[in-house]
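Q: First, the structure itself, so that you have it in front of you.
In our numbering, the protein residues as written are 187 to 358.
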């Protein structure tokens with residue numbers, strides 16, 4: 187059973203949000219997005235994306251995702267590998283799949299050395315939180331920011347890494 191609930195829109199919750207608040211929401215609630223696949227020209231997958239904070243080893247902090255309704259995370263991008271963020275459908279993946287883009291103003295792409303993670307927010311509040319939080323994460327001056335994760339969340343990345351090391355590849 188999927189426990190995702192959209193970030194509430196009441197009381198202008200995201201209007202004056204601090205980066206710390208955005209990162210806390212990213213790690214406790216995650217967000218709902220359409221994920222565009224770079225190797226196929228097809229309707230994107232609806233995924234739950236979450237920030238996992240490793241309290242003992244920040245080099246293992248990651249953005250993880252899974253299909254809506256799935257129990258296990260199936261892929262991740264390490265925060266340390268992130269080089270930048272693009273706002274809008276500006277990557278080749280978005281260009282190749284432009285007929286599937288619902289709202290160009292809710293698209294973003296995370297860049298790393300070997301790939302991009304191309305997402306379109308399902309909910310406007312998720313876009314606001316994630317764009318602000320991700321922009322902060324790729325900013326080199328962010329060092330020293332303390333973010334508490336939800337209880338029980340810190341072990342998930344190591345479980346995901348073990349799962350991927352056993353030969354499971356996303357899409358199998």
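Just so you know, even glycine gets a beta-carbon here, dropped at the ideal spot from N, CA and C.
Fair warning: this is a prediction, and the values are worked out from it, not measured in the lab.
Could you compute how far the alpha carbon of residue 228 sits from the alpha carbon of residue 279?
A: 11 Å
Q: Looking only at its own chain, which residues have a Cβ that is under 7 Å from the Cβ of residue 263, when we skip the five neighbours before and after it?
A: 248, 249, 296, 298, 303
Q: Near residue 160, what residues of its chain come up, given a Cβ to Cβ distance below 6 Å and the 5 sequence neighbours on each side ignored?
A: Outside the shown range of the chain (187 to 358) lies residue 160, about which nothing can therefore be said.
Q: Starting from residue 302, follow the beta strand (DSSP E) in both directions and report where the run begins and ends.
A: Segment 302-307, the beta strand (DSSP E) holding residue 302.
Q: Measuring CA to CA, which of 301, 224, 204, 220 is closest to residue 230?
A: Distance check between residue 230 and each of 301, 224, 204, 220 places 220 closest, using alpha-carbon atoms only.
Q: Along the chain, where does the beta strand (DSSP E) containing residue 314 start, and where does it finish?
A: Looking at the DSSP string, residue 314 is not in any beta strand (DSSP E); the run it does join, the alpha helix (DSSP H), is 310-323.
Q: Measuring CB to CB, does residue 324 end up less than 8 Å from residue 268?
A: Yes. Within cutoff.
Q: Using the three-state DSSP reduction, which class does residue 232 fall into: helix, strand or coil?
A: strand
Q: State the Cα-Cα distance for the pair residue 277 and residue 283, rounded to the nearest angstrom.
A: 10 Å
Q: Take the Cβ of residue 275 as the centre, count every other Cβ of all protein chains shown within 10 Å, and call the residue buried at 16 or more, exposed below.
A: buried
Q: Classify residue 318 as buried or exposed, calling it buried when 16 or more other Cβ atoms lie within 10 Å of its own Cβ.
A: Result: buried.
Q: Rounded to whole angstroms, what's the CA-CA distance from residue 145 to residue 223? Just pull it up for me.
A: No answer is possible for residue 145: the residues shown for the chain start at 187 and end at 358.
Q: Does DSSP classify residue 271 as helix, strand or coil?
A: strand
Q: According to DSSP, is residue 203 helix, strand or coil?
A: coil
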